[in-house]
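Counting in our numbering, the final residue of the sequence shown is number 374, and the numbers go up one at a time with none missing. Glycine is no exception: its CB is placed at the ideal position from the N, C-alpha and C atoms. Notes to accompany the following structure.
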Amino acid sequence: MKPINLYDLDKEALIALLAEWGYGRFHAALLWENLYRRHLTAVTDMTDLRPDLRQRLQAQTTLSVPAIAAVNDSSDGRTRKYLLQLADGQTIETVLMDFEGREGAGDGRPSPRATACISTQVGCAMGCVFCATGQMGFTRHLTPGEIVVQALHVQRVLAGRGESLRNMVLMGMGEPLHNYDHTMAALAILTDHKGLAVAPKHITLSTVGVVPGIRRLADEQRPYRLAVSLHGATDAERQALVPPAKRWPLAELMDACRYYVTQRKRRIFFEWTLIAGQNDTPQQAHALGQLLHGMAAHVNLIPLNPTVGYDGTPTGATAARRFQQILADYGLPSTVRQRRGIDIAAGCGQLKAARNDDARNNGIWQRIEKPKA
Ligand code: SAH
Ligand code: SF4
Numbered sequence: 002m003k004p005i006n007l008y009d010l011d012k013e014a015l016i017a018l019l020a021e022w023g024y025g026r027f028h029a030a031l032l033w034e035n036l037y038r039r040h041l042t043a044v045t046d047m048t049d050l051r052p053d054l055r056q057r058l059q060a061q062t063t064l065s066v067p068a069i070a071a072v073n074d075s076s077d078g079r080t081r082k083y084l085l086q087l088a089d090g091q092t093i094e095t096v097l098m099d100f101e102g103r104e105g106a107g108d109g110r111p112s113p114r115a116t117a118c119i120s121t122q123v124g125c126a127m128g129c130v131f132c133a134t135g136q137m138g139f140t141r142h143l144t145p146g147e148i149v150v151q152a153l154h155v156q157r158v159l160a161g162r163g164e165s166l167r168n169m170v171l172m173g174m175g176e177p178l179h180n181y182d183h184t185m186a187a188l189a190i191l192t193d194h195k196g197l198a199v200a201p202k203h204i205t206l207s208t209v210g211v212v213p214g215i216r217r218l219a220d221e222q223r224p225y226r227l228a229v230s231l232h233g234a235t236d237a238e239r240q241a242l243v244p245p246a247k248r249w250p251l252a253e254l255m256d257a258c259r260y261y262v263t264q265r266k267r268r269i270f271f272e273w274t275l276i277a278g279q280n281d282t283p284q285q286a287h288a289l290g291q292l293l294h295g296m297a298a299h300v301n302l303i304p305l306n307p308t309v310g311y312d313g314t315p316t317g318a319t320a321a322r323r324f325q326q327i328l329a330d331y332g333l334p335s336t337v338r339q340r341r342g343i344d345i346a347a348g349c350g351q352l353k354a355a356r357n358d359d360a361r362n363n364g365i366w367q368r369i370e371k372p373k374a
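Take a look at the structure:
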């Protein structure tokens, strides 16, 4: 029988497992603390657990920690990207961004906005044309534990410089609402106040617009911030970039978004990848302004990170500012996000894509560790 990966279990499941073995809640609480407060990765190091419990855990469970297959830094030193290898050999990306951190980061002083960018799937089934992960296709969902260990990895890195993990975005590889249950299970573990205790309002879940998932988040009153990737403000224009737009047309998507805002009493962040000549025209900005007018919304504009499988180019600063100005005329706040770390192929899925093809590697690797056997 396959051993249980302890990182897959939420607190109730851990309590239930230990109860089955005859141990009370106290022991489960100790184990939880060892996992998520002390960040121990070997049961043998959990010396406050009873020896018989340790033995049973060793015999019947695992703590599956991914190997670091590659690490890559951006030239400004503010984005570090990890390619993590999972137990079955599949690789995923996890990124540490000193997002809007203090200028001159790297001087050893803590950055107040360090953010972990986490993956939820190996590959992605949605097939957005400009996205390196979409170009790879879908391999499999991540388990809750495989999502959790990415945050633990970043936490360990931050702890090494005297910080702790406070901000997370689910904007790595994959579509979180296509892997709804495992994503929610992982977030429950990461936000537990006796564990890592990341504040739910500091977690942003980004979706391509999976309508049933957005409605479920609203109905279940999930306390995370929601970002919806739009990229087009008419069905035809959106469908050209985002294939799932055919399944969930804009009218349906916007209905779900309004429902979310009403139920949750929270604004939504809309992501818009700016592609020169494709979706950055004043006409498109007006269409977006009209679409979102009157809604509690904030637009994040992200100039395209070029990928091998798509020949679009990023919008320049002047056109981005003009786009922003038009949105402002509709009362819509927006931010142009810096394309930080483009030099290390820091877009979604691009590290893995480059790794898959050594010819494209161009010596971008800072360090490649041999994954554990
Ligand atoms: N699947 C989810 C979350 C992961 S992608 C989603 O699509 O929202 C996170 C964000 O990165 C999305 O807004 C996506 O459109 C954007 N993105 C993907 N590839 C990109 C690229 N090459 N350049 C700029 N943004 C990109
Ligand atoms: Fe998947 Fe998001 Fe990439 Fe689209 S942008 S292919 S939904 S990861």
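Assuming N280 and H203 make a contact with CB atoms under 8 Å, what is their CB distance in whole Å?
-> That pair is no contact at about 29 Å.
Is T308 near the ligand SF4, going by C-beta to nearest heavy atom under 7 Å?
-> no
By Cβ distance, which residues of its chain are closer than 6 Å to I276, with the 5 residues on each side in sequence left out?
-> L305, G313
Skipping 5 residues on each side, what residues in its chain have a beta carbon closer than 6 Å to that of A228?
-> T205, S207, F270, E272
D344 to L251, Cα distance in whole Å?
-> With a pLDDT of only 47 at D344, under the threshold of 50, the placement of this residue in the model should not be trusted; the figure read from the coordinates follows. Near 34 Å, if we compare the C-alpha coordinates of L251 and D344.
Which word fits R265, buried or exposed, when buried means at least 16 other C-beta atoms lie within 10 angstroms of its C-beta?
-> buried
Option in L143, A60, L54, R39 with minimal Cα separation from D89 = L143
Taking C-alpha atoms, which residue in A126, D182, W33, P224 lies nearest to A200?
-> P224
Is V130 near the ligand SAH, with its Cβ less than 7 Å from a heavy atom?
-> no
Beta carbon of M127 nearer than 8 Å to that of V209 = yes
Round the Cβ separation of A117 and M169 to the nearest angstrom and send it over; I've been treating them as touching at under 8 Å.
-> 5 Å
Does the ligand SAH have a heavy atom nearer than 7 Å to the CB of S207?
-> yes
Write down the C-beta distance between L7 and L36 rounded to the nearest angstrom, noting that I regard them as a contact closer than 8 Å.
-> 7 Å
CA-CA distance, L87 and A68?
-> 7 Å
Skipping 5 residues on each side, what residues in its chain have a beta carbon closer than 7 Å to that of K12?
-> W33, D193
Between the region 158-167 and the region 133-143, do three or more beta carbon pairs fall short of 8 Å?
-> no
Pull up the CB-CB distance for L292 and L328, whole angstroms please, since I reckon it's below 8 Å.
-> Wrong, their Cβ atoms sit about 11 Å apart, outside the cutoff.
Buried/exposed call for L171, threshold 16 Cβ in 10 Å = buried
May I have the straight-line CA-CA distance separating L19 from I215, to the nearest angstrom?
-> 35 Å
Identify whether E238 lies in helix, strand or coil by the three-state DSSP scheme.
-> helix
By Cβ distance below 8 Å, which residues in the same chain neighbour H28 in space, the five residues on each side in sequence not counted?
-> L19, L50, R51, L54
Tell me which same chain residues have a C-beta within less than 6 Å of the C-beta of R226, skipping the five on either side of it?
-> T205
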